[in-house]
Amino acid sequence: KSQPVAIHSTLYFMLTDPEGILSYDMVSGKWKQFIIPGPPDLSDHTLAACGERLMLVGLLTKNAATCVCIWELQKMTLLWKEVDRMPNIWCLEFYGKHIRMNCLGNKGCLILLSLRSRQMNRLITYNAVTREWTKVPGCTVPQGRKRLWIACGTAFHPSPTARA
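In structure tokens form, the structure reads like this:
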């Protein structure tokens, strides 16, 4: 499920039927609906914001290959343009697996994603300014061997990519 995102005084929501975006301007109190077809072969998508850019993050699945892609909404054409894709070597880790993606947070231009299958849970950040993908180290309980799976919610201060 996509969470709403705010850019200045406008909230944006994903629509599924028909596909598109619903916006609400909190200053004028006006709603607008935009019919925007999603990219083909897209699943588990969510909205994100980076400055004034409205972005779409989603899983692109074709045959048995799955990869995370980033699109930016082109304001003039109202079409999604692919701007980045997770490194291919990382996509191979998901080959043949049924992957689910959740966006755990979006602050500034940093997006935190959870990619899960029955066998794994991977946390990844994407910086939309530097176009850098980072794997967040797995969480193991101290003096334990069980890995914790983070289901939802996050804070961005300090940044999950910060070095100690």
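Under the numbering used here, the residue at position 101 of the sequence shown is numbered 96, and the numbers go up by one with no gaps. Backbone N, C-alpha and C fix where the C-beta goes; we use that ideal spot for every residue, glycine too.
Between the options, which lies nearest to residue i when the distance is taken from Cα to Cα?
i	options	result
glutamine 28	Ile65, Leu10 and Leu54	Leu10
glutamate 47	Ile94, Ser4 and Leu107	Ser4
tryptophan 26	Gly33, Pro32 and Ser18	Ser18
isoleucine 30	Met21, Ile16 and Phe8	Ile16
arginine 117	Lys102, Glu127, Arg126 and Gly133	Gly133
glutamate 14	Lys57, Trp75 and Lys70	Trp75
proline 34	Lys57, Gly24 and Ser23	Lys57
aspartate 12	Pro32, Ser23 and Ala1	Pro32
alanine 59	Ile94, Ile2, Val0 and Ala1	Ile94
glutamine 114	Asn101, Tyr90, Gln(-2) and Trp128	Tyr90
Considering only their Cβ atoms, is the gap separating residue j from residue i smaller than 7 Å?
i	j	result
methionine 50	glutamate 67	yes
aspartate 39	leucine 55	no
arginine 80	cysteine 104	no
leucine 110	leucine 99	no
Helix or strand or just coil, what does DSSP make of residue i?
i	result
alanine 123	coil
glutamine -2	coil
aspartate 163	Residue 163 lies beyond the range of the chain shown here (-4 to 159); nothing can be said about it.
valine 73	It is worth fixing the name first, because residue 73 is leucine in this sequence and not valine. Residue state, collapsed to three classes: coil.
glutamate 67	strand
isoleucine 31	coil
histidine 40	strand
methionine 50	strand
serine 18	strand
alanine 60	strand
Please look up how many angstroms separate the CB atoms of residue i and residue j, rounded, as I've assumed it's under 8 Å.
i	j	result
valine 124	cysteine 45	7 Å
lysine 92	serine 112	4 Å
leucine 6	methionine 21	7 Å
I'd like the ranges of any beta strand (DSSP E) spanning at least 3 consecutive residues and lying wholly in the segment 82 to 116. Complete beta strand (DSSP E) runs here, min 3: 95 to 102 and 105 to 111.
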